[in-house]
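Enquirer:
There are 2 protein chains.
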Amino acid sequence: MSILVVGSVAFDTLETPSGKRERVLGGAATHFALAASFFTDVRVVGVVGEDFLPEHEAVLTSRGVDTTGIEHVPGKSFHWTGSYVKSLDAAETLATDLNVFADFEPKIPASYRDTDYLFLANIDPVLQARVRAELPNAKLVAGDTMNYWIAAHRDNLLKVLRELDILIINDNEARMLSGETNNIRAAKGVLALGPKSLVVKYAEHGSAAYFSPHSFGDNFERNQFRAPATPQEEVVDPTGAGDSFAGGFYGYIASRGAETGGKLTPEVFRKAMFYGCVLGSLSVEAFGTDRLQRTTRAEIDQRFEHLKEISHL
Amino acid sequence: MSILVVGSVAFDTLETPSGKRERVLGGAATHFALAASFFTDVRVVGVVGEDFLPEHEAVLTSRGVDTTGIEHVPGKSFHWTGSYVKSLDAAETLATDLNVFADFEPKIPASYRDTDYLFLANIDPVLQARVRAELPNAKLVAGDTMNYWIAAHRDNLLKVLRELDILIINDNEARMLSGETNNIRAAKGVLALGPKSLVVKYAEHGSAAYFSPHSFGDNFERNQFRAPATPQEEVVDPTGAGDSFAGGFYGYIASRGAETGGKLTPEVFRKAMFYGCVLGSLSVEAFGTDRLQRTTRAEIDQRFEHLKEISHL
Chain Z
789 MSILVVGSVA FDTLETPSGK RERVLGGAAT HFALAASFFT DVRVVGVVGE DFLPEHEAVL
849 TSRGVDTTGI EHVPGKSFHW TGSYVKSLDA AETLATDLNV FADFEPKIPA SYRDTDYLFL
909 ANIDPVLQAR VRAELPNAKL VAGDTMNYWI AAHRDNLLKV LRELDILIIN DNEARMLSGE
969 TNNIRAAKGV LALGPKSLVV KYAEHGSAAY FSPHSFGDNF ERNQFRAPAT PQEEVVDPTG
1029 AGDSFAGGFY GYIASRGAET GGKLTPEVFR KAMFYGCVLG SLSVEAFGTD RLQRTTRAEI
1089 DQRFEHLKEI SHL
Chain S
789 MSILVVGSVA FDTLETPSGK RERVLGGAAT HFALAASFFT DVRVVGVVGE DFLPEHEAVL
849 TSRGVDTTGI EHVPGKSFHW TGSYVKSLDA AETLATDLNV FADFEPKIPA SYRDTDYLFL
909 ANIDPVLQAR VRAELPNAKL VAGDTMNYWI AAHRDNLLKV LRELDILIIN DNEARMLSGE
969 TNNIRAAKGV LALGPKSLVV KYAEHGSAAY FSPHSFGDNF ERNQFRAPAT PQEEVVDPTG
1029 AGDSFAGGFY GYIASRGAET GGKLTPEVFR KAMFYGCVLG SLSVEAFGTD RLQRTTRAEI
1089 DQRFEHLKEI SHL
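As they're listed, the protein sequences go chains Z and S. Counted the way this note's numbering counts, the first sequence spans residues 789 to 1101. Counted the way this note's numbering counts, the second sequence spans residues 789 to 1101.
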């Protein structure tokens, strides 16, 4: 079944210990869509400016991504400038030029209305809620957010969280949302805010899923899952790793949709976590979207098997 | 097959967010021996003072631990005072009274000479090397160390590492030893110093094993293993978690010794990692050795199965 992702399509200017790159294609929706495209049909809702050229759109369309929902408007595209020179674990933002993204009003093309799987990437929770309301028949809704919305737009964000089947965030965001430092208490705190399930990314330590009693039963201790990270000796560019994780994760879930009828099952959820790790690990091996552009489903499945091999008794 | 552990037997005065305790039984050899005692026969070489009473020795002997090698000398036992009030992740040392441990000269009883599995807990590497040399017929030798020896006694430590089948340390120690910050490069760096295999503990993120080409083949990527941590909502006292991990891990390996003839196999090594996690997780749930004293093999196996359940596809 197809996925609709709504989020940023942008350019990134990056500096990492591996080098510098000017204005590479980026944005949460871009990374997500490319990662998910190895599993299912993907539709994108976003906005770009006049600097977004056919060659940029072709990065998505050549992977079969439907870009009908990428609105072209006068002006410049969102441009983020960041550095990982001090630490690969945390981006230092040098400049955030929102440009046309500042007035982003997501418009859902008629051809997207039958979408079963909705992913609300990290944008203003008011827009997330609006898109969600416009697709009342979506079978499954997942979403991301970030520290800015947690700190400054908490009430709006809380309305979105209550509607989510899956919230996918990192450990710092889980701590901020819950006010708890212990990982397990933080997860419980976030689940108490309403999402039916929670995926927390722990960077090089993999990820964990936590399920509310509405998901697979009421035993919290049993209703968890840990997925390891692919051993990563070199990280070239961490930008988009989380979105690539989300794309691999949700793409796999949607690819099993015909079987599951849009319901989550523990088996599908677990494998999806592994696929998320794989896509996240691939994405950091080159700048921007380069690595995702040249991977294959065969390579992805090989890494999936490797991850299983190094984590199963 | 039986294990001999050489290391500290001590008293700890502790403060954690859960409360304060004065002079509870502690020490690396104590935690290790109790954890390993659920799997195999354990022998201890250590030194204590006159404050180490029959009731303290009974904590070990009641679990079947052979304490023949615990030497009683005039004076006071090693006494460590520490606080975890600022952070449960890092102990703040308030006082280290080495007392009789300052002049520790490990003496191996004649009845211990047939030991097959030797564990060199965190003591002066000169003593570790001496004990190792006194048991030339040990089938497997594992060991631990700490930042102090890495920083100030590196040359002596390097001699010990070259003789180890398994080095068990935490992620900070792996970084210090290797000079690398990336976990995978740190592991490669430590293996280059000589140990045949390396287990790195990542606290709440579980642990990983890395094998040199001398172990199970020459593909480093394939020769790794990740074990998750048991979800831990509350940590009462982290003291001895690493030693309990090592005891559970090595105890399980020794318990399979009759089958394996003292050789490491991937299957045994992997399960041992899970048992290490289980014993580490139990140990932090109460002050000192309290939790290990009242667990059972049935409870341990139940946690082992839980860990498998939440980490396997």
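From the three backbone atoms N, C-alpha and C, an ideal C-beta is built for every residue, glycine too. All values reported here derive from a predicted model rather than from experimental measurement.
#1: Taking the continuous alpha helix (DSSP H) assigned at residue 1035 of chain Z, which residues delimit it?
#2: Following the continuous beta strand (DSSP E) through residue 901 of chain S, name the residue where it begins and the one where it ends.
#3: Looking at residue 1071 of chain Z and residue 1079 of chain Z, is the spacing between their C-beta atoms short of 7 Å?
#4: Mapping the DSSP letters down to three states, classify residue 800 of chain S as helix, strand or coil.
#5: Using a Cβ cut-off of 8 Å, which residues of the stretch 1076-1098 of chain Z contact any Cβ in chain S, in chain order?
#6: For residue 958 of chain S, which three-state DSSP category applies?
#7: Closest to residue 1123 of chain Z by CA distance: which of Z/865, Z/895, Z/1057 and Z/968 is it?
#8: Count the CB pairs spanning the stretch 1004-1023 of chain S and the stretch 955-975 of chain Z that are closer than 8 Å, and state whether there are at least three.
#9: Which one or two residues does DSSP pair with residue 1012 of chain S in a beta bridge?
#10: Counting only runs of 3+ residues fully inside the stretch 862-897 of chain S, write out the beta strand (DSSP E) ranges in chain order.
#11: Using the Cα positions of residue 1038 of chain Z and residue 853 of chain Z, report the straight-line distance between them to the nearest angstrom.
#12: The stretch 1009-1028 of chain S: which residues have C-beta closer than 9 Å to a C-beta of chain Z, in chain order?
#13: Using DSSP's beta-bridge definition, name the partner residues of residue 825 of chain S.
#14: Please decide whether residue 952 of chain Z counts as near chain A, where near means a Cβ-Cβ distance under 7 Å.
#15: Counting along the chain, where does the alpha helix (DSSP H) carrying residue 1096 of chain Z start and finish?
#16: Between which two residues does the alpha helix (DSSP H) harbouring residue 950 of chain Z extend?
#17: Under 8 Å between beta-carbons, which chain Z residues line up against residue 900 of chain S? List them in chain order, please.
#18: When Cβ atoms are compared, which residues of the stretch 968-1002 of chain S fall closer than 7 Å to chain Z?
#19: Closer than 7 Å by beta-carbon distance: list the chain S residues that pair up with residue 1058 of chain Z, in chain order.
#20: Which residues in chain Z have a C-beta closer than 9 Å to the C-beta of residue 1062 of chain S? List them in chain order.
#21: In the DSSP assignment, find the beta strand (DSSP E) that holds residue 1102 of chain S and state where it starts and stops.
#22: Note down the Cα distance separating residue 894 of chain S from residue 912 of chain S, rounded to an integer number of angstroms.
#23: Can you give the Cα-Cα distance for residue 816 of chain S and residue 844 of chain S, rounded to whole angstroms?
#24: Given a threshold of 16 other Cβ atoms within 10 Å of its Cβ, counted over all protein chains shown, does residue 856 of chain S qualify as buried or as exposed?
#25: How long is the line joining the alpha carbons of residue 1067 of chain S and residue 801 of chain Z, rounded to whole angstroms?
#26: Got a sec? Which residues, its chain only, sit under 6 Å from residue 867 of chain S by beta carbon, not counting five neighbours each side?
#27: Classify residue 823 of chain S as buried or exposed, calling it buried when 16 or more other Cβ atoms lie within 10 Å of its own Cβ.
#28: Per DSSP, what kind of secondary structure is residue 850 of chain Z in: helix, strand or coil?
#29: Is it the case that the Cβ atoms of residue 937 of chain Z and residue 949 of chain Z are separated by a distance below 7 Å?
#30: Are the stretch 889-907 of chain S and the stretch 924-931 of chain S touching, with three or more C-beta to C-beta distances below 8 Å?
#31: Check this for me: beta carbons of residue 1003 of chain Z and residue 985 of chain Z, under 7 Å apart or not?
#32: Pick out whichever of Z/943, Z/992, Z/876 and Z/947 has its Cα sitting closest to the Cα of residue 959 of chain Z.
#33: To the nearest angstrom, report how far apart residue 1052 of chain Z and residue 964 of chain Z are at their CA atoms.
#34: Counting only the same chain and skipping the five closest in sequence on each side, list residues whose C-beta sits under 7 Å from that of residue 821 of chain Z.
#35: Taking only the alpha-carbon atoms, compute the straight-line gap between residue 791 of chain Z and residue 1042 of chain Z and give it to the nearest angstrom.
Expert: Judging by the given coordinates:
#1: Taking the first residue of the first sequence as position 1, residue 1035 of chain Z is located at position 247. Residue 1035 of chain Z -> alpha helix (DSSP H) spans 1029-1043.
#2: On the second sequence, position 113 is the one that residue 901 of chain S refers to. Annotation for residue 901 of chain S: no beta strand (DSSP E) segment contains it, and DSSP assigns it neither H nor E.
#3: Residue 1079 of chain Z sits at position 291 when you count from the first residue of the first sequence. Residue 1071 of chain Z sits at position 283 when you count from the first residue of the first sequence. Yes. Within cutoff.
#4: What you label residue 800 of chain S is simply residue 12 of the second sequence in a count that begins at 1. Secondary structure at residue 800 of chain S: strand, using DSSP grouped into helix, strand and coil.
#5: Those residues of the stretch 1076-1098 of chain Z that come within reach of chain S (Cβ to Cβ, closer than 8 Å) are 1094, 1096, 1097 and 1098.
#6: What you label residue 958 of chain S is simply residue 170 of the second sequence in a count that begins at 1. Note: residue 958 of chain S maps to strand in three-state DSSP.
#7: Lying outside 789 to 1101, the shown extent of chain Z, residue 1123 of chain Z is not represented and no answer is given.
#8: Verdict: yes, contact present.
#9: Your numbering for residue 1012 of chain S matches position 224 in the second sequence. Within the DSSP bridge table, the entry for residue 1012 of chain S names S/998 as partners.
#10: 866-871 and 880-885, all fully within the stretch 862-897 of chain S.
#11: Working through the first sequence from its first residue, we reach residue 1038 of chain Z at position 250. Working through the first sequence from its first residue, we reach residue 853 of chain Z at position 65. In a straight line, the C-alpha of residue 1038 of chain Z is about 15 Å away from that of residue 853 of chain Z.
#12: From the stretch 1009-1028 of chain S, only 1009, 1010, 1011, 1012, 1013, 1014, 1015, 1016, 1017, 1019, 1020, 1021, 1022 and 1023 have a Cβ closer than 9 Å to chain Z.
#13: To locate residue 825 of chain S, count along the second sequence from 1; it is residue 37. According to DSSP, residue 825 of chain S bridges with nothing at all.
#14: Among the protein chains in the structure shown, which are Z and S, there is no chain A.
#15: The residue you call residue 1096 of chain Z lines up with position 308 of the first sequence. Where residue 1096 of chain Z is concerned, the enclosing alpha helix (DSSP H) starts and stops at 1085-1097.
#16: Translated into positions along the first sequence, residue 950 of chain Z becomes position 162. Per DSSP, residue 950 of chain Z belongs to no alpha helix (DSSP H) and is neither H nor E.
#17: Your numbering for residue 900 of chain S matches position 112 in the second sequence. Within chain Z, not a single residue places a beta-carbon under 8 Å from that of residue 900 of chain S; the smallest gap is close to 32 Å.
#18: Result list: 970, 971, 972, 973, 990, 992 and 993.
#19: Translated into positions along the first sequence, residue 1058 of chain Z becomes position 270. Close partners of residue 1058 of chain Z in chain S (Cβ separation under 7 Å): 1101.
#20: Your numbering for residue 1062 of chain S matches position 274 in the second sequence. The contacting residues are 1101.
#21: As displayed, chain S neither begins before 789 nor continues past 1101, which places residue 1102 of chain S out of reach and without an answer.
#22: For the purposes of this step, residue 894 of chain S is taken as residue 106 along the second sequence, with counting starting at 1. For the purposes of this step, residue 912 of chain S is taken as residue 124 along the second sequence, with counting starting at 1. Taking the Cα positions, residue 894 of chain S is about 11 Å away from residue 912 of chain S.
#23: Here residue 816 of chain S refers to the residue found at position 28 when the second sequence is read from its first residue. Here residue 844 of chain S refers to the residue found at position 56 when the second sequence is read from its first residue. Distance between the alpha carbons of residue 816 of chain S and residue 844 of chain S is about 15 Å.
#24: As a first step, residue 856 of chain S must be located in the second sequence, where it is residue number 68. Classification of residue 856 of chain S: exposed, given that the 10 Å Cβ count is below 16.
#25: As a first step, residue 1067 of chain S is located in the second sequence; it is residue number 279 there, counting from the start. As a first step, residue 801 of chain Z is located in the first sequence; it is residue number 13 there, counting from the start. A direct Cα-Cα distance of roughly 47 Å separates residue 1067 of chain S from residue 801 of chain Z.
#26: Reading the second sequence from its first residue, position 79 is the one you call residue 867 of chain S. So the list reads 799 and 885, once near-sequence residues are dropped.
#27: Locating residue 823 of chain S in the second sequence gives position 35, where the first residue counts as 1. Residue 823 of chain S is buried by the Cβ-count criterion.
#28: As a first step, residue 850 of chain Z must be located in the first sequence, where it is residue number 62. Three-state DSSP puts residue 850 of chain Z in coil, outside helix and strand.
#29: Your numbering for residue 937 of chain Z matches position 149 in the first sequence. Your numbering for residue 949 of chain Z matches position 161 in the first sequence. Cβ distance not < 7 Å, so residue 937 of chain Z and residue 949 of chain Z don't count as in contact.
#30: With a cut-off of 8 Å, the stretch 924-931 of chain S and the stretch 889-907 of chain S count as touching, because enough Cβ pairs lie within range.
#31: One-based indexing of the first sequence puts residue 1003 of chain Z at position 215. One-based indexing of the first sequence puts residue 985 of chain Z at position 197. Closer than 7 Å, so yes.
#32: In the first sequence, residue 959 of chain Z corresponds to position 171, counting from 1. Ranking Z/943, Z/992, Z/876 and Z/947 by Cα distance to residue 959 of chain Z puts Z/992 first.
#33: The residue you call residue 1052 of chain Z lines up with position 264 of the first sequence. The residue you call residue 964 of chain Z lines up with position 176 of the first sequence. Cα to Cα, the separation comes out at about 27 Å.
#34: Locating residue 821 of chain Z in the first sequence gives position 33, counting from the first residue. Result list for residue 821 of chain Z: 793, 830, 832, 848, 853 and 1035, in chain order.
#35: Here residue 791 of chain Z refers to the residue found at position 3 when the first sequence is read from its first residue. Here residue 1042 of chain Z refers to the residue found at position 254 when the first sequence is read from its first residue. As the crow flies, the alpha-carbon of residue 791 of chain Z is around 7 Å from that of residue 1042 of chain Z.
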